[in-house]
Structures are given as C-alpha cells and as structure tokens.
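So for the sequence shown, this note's numbering puts the first residue at 1; every next one is plus one. Glycine included, every Cβ here is placed at the ideal spot set by N, Cα and C. For clarity, every value in this text was computed on a predicted model and none was experimentally measured. As structure tokens, the structure follows; a few thoughts come after it.
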Amino acid sequence: MRVTKKRLIIVAVAIIILIIILWFAFGSGEKIPADPASASIIDSNGFGNLTTSGDASVSWTRAIKILRSGEVDSVSQSHKLKVVLIMKNGDKITTTEPSIDEIITQIELCKNTCSQILIATE
C-alpha cells in the first residue's frame, strides 16, 4: 500500500481531533498525586472530585473550584501570595493567588457556600 501525502495529512488531522476530544473529556490534564485509598470526594460538581489526603498543590483555577465546593473550613494567605485551603476533613491544599487578597475577593463572590470560611492573613 502506497502512503501518500494526502493520507498522512488525514491521519494527522484525525489524531489531533482525537487528542482534543480526550482533552475535553478528561479535563485539562492537571495532575494531583493521589493515593486512591486516602482520596476523599470534595463535591459532586464534576470538576475532578478527588483531592489527596494530606497536602496537595493545585493551580489557582482549581483552588477556586475547590473553594466553591462547600468543603473548605478555613483559608490562610501570606504576603508572598501563598494560599492554603484547609478542608473540613483536615486536608491542606496550597496554591498561589495572582494578587494579594484575591482569595478574599473570591470568598466574597462565592457568598452562601463560603460564608462560614475562616480567613487568616499574614
């Protein structure tokens, strides 16, 4: 069978489409190391649902999704933009906020779900 340039292009386009479909089906590809035995469900919003037992570091976008889950007990922030979310089950999730006090703004925007979150600042 003779491989033509046209066939190679068709195969390449098909592979790219498959990659895009998988990307959307399984999220952005952000990996959080997890021990399945200690993983806990943090909500049912379909954004990944699992976080690790213990400490995990996540992107700012992912941290906001976790914040809105209703499972965050308290939040602390430092002048170096480090934010720690302490979950109701005791897990700690760290992230870096884009600017100082952005986590407070996000808590205010989240209203009812976040109204009981304790905030500590440095």
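| query | result |
| --- | --- |
| Distance, Cα to Cα, Lys-6 vs Ser-99? | 49 Å |
| With DSSP run on the structure shown, which of helix, strand or coil describes Ile-19? | helix |
| Could you check which residue in Cys-114, Ala-12, Thr-95 has the C-alpha nearest to that of Ser-69? | Cys-114 |
| Between Asp-63 and Ile-93, which are expected to be in contact by the criterion C-beta below 8 Å, what is the C-beta distance as a whole number of angstroms? | One detail in the question is off: residue 63 reads as Ala in this sequence, not Asp. Indeed they touch by this definition, with Cβ atoms about 6 Å apart. |
| So, under 8 Å CB-CB, Ile-107 and Val-58 are touching, yes? Tell me the CB distance rounded to an integer number of Å. | Ile-107 to Val-58, Cβ: 17 Å. No contact. |
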